[in-house]
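Chemist: Residue numbers (my numbering): 4 to 87.
Positions of the beta carbon are idealized from the N, C-alpha and C atoms, including for glycine.
Only a predicted model underlies this, so the values are computations on that prediction, with no experimental measurement involved.
Before anything else, here's the structure in question.
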Amino acid sequence: MGNFQIQHDRPNCIACGVCESIAPEFWEMDKNDGKSNLKACKKVGHEEHRDIDEHTFEENREAADRCPVNIIHIVNKETGERLI
Numbered sequence: 004m005g006n007f008q009i010q011h012d013r014p015n016c017i018a019c020g021v022c023e024s025i026a027p028e029f030w031e032m033d034k035n036d037g038k039s040n041l042k043a044c045k046k047v048g049h050e051e052h053r054d055i056d057e058h059t060f061e062e063n064r065e066a067a068d069r070c071p072v073n074i075i076h077i078v079n080k081e082t083g084e085r086l087i
């Protein structure tokens, strides 16, 4: 279990591939619709969620920061604060 959670609003993805290029162990582009998939995630409504820890936080923070449509968020699980 990690201290943080990635929350991905997949339906609004524009299939740019930035997340996969930064953190390919967490992200992949779907072969059917071209949108990004968060690997090993849990589906929550239309979102994809995955817990991460401090060791993988930085690369996923960069992926979230560089997402041109701001659909990748990272939440501190202890406080509930949306960091990105």
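Run the CB neighbour count on N79, radius 10 Å, all protein chains shown included, and call it buried at 16 or more, exposed below.
Modeler: As a position in the sequence shown, residue 79 is number 76, starting the count at 1. Exposed, by the Cβ-count rule.
Chemist: How would you call R85, buried or exposed, if buried means at least 16 neighbouring beta carbons within 10 angstroms?
Modeler: Position 82 of the sequence shown holds residue 85. R85 is exposed by the Cβ-count criterion.
Chemist: Would you mind working out which of K42, S24 and D12 sits nearest A66, comparing C-alpha positions?
Modeler: Indexing the sequence shown from 1 puts residue 66 at position 63. Per the Cα distances, S24.
Chemist: I75 by DSSP, collapsed to three states: which one?
Modeler: Stepping through the sequence shown from its first residue, residue 75 is reached at position 72. Three-state result, I75: strand.
Chemist: Taking Cβ to Cβ, would you say R53 is nearer than 9 Å to K38?
Modeler: As a working note, residue 53 is residue 50 in the sequence shown. As a working note, residue 38 is residue 35 in the sequence shown. No, they are not a contact pair.
Chemist: Return the bridge partner residues of K42 from the DSSP annotation.
Modeler: Sequence index remark: in the sequence shown, residue 42 carries index 39 (1-based). BP columns for K42 are empty, so no partner.
Chemist: According to DSSP, is F29 part of a helix, a strand, or is it coil?
Modeler: For the purposes of this step, residue 29 is taken as the residue at position 26 of the sequence shown. Of the three classes helix, strand and coil, the one that applies to F29 here is coil, per DSSP.
Chemist: Tell me, please, which residues DSSP counts as bridged to F7.
Modeler: By one-based count along the sequence shown, residue 7 stands at place 4. Answer is I55 and N79, bridged to F7.
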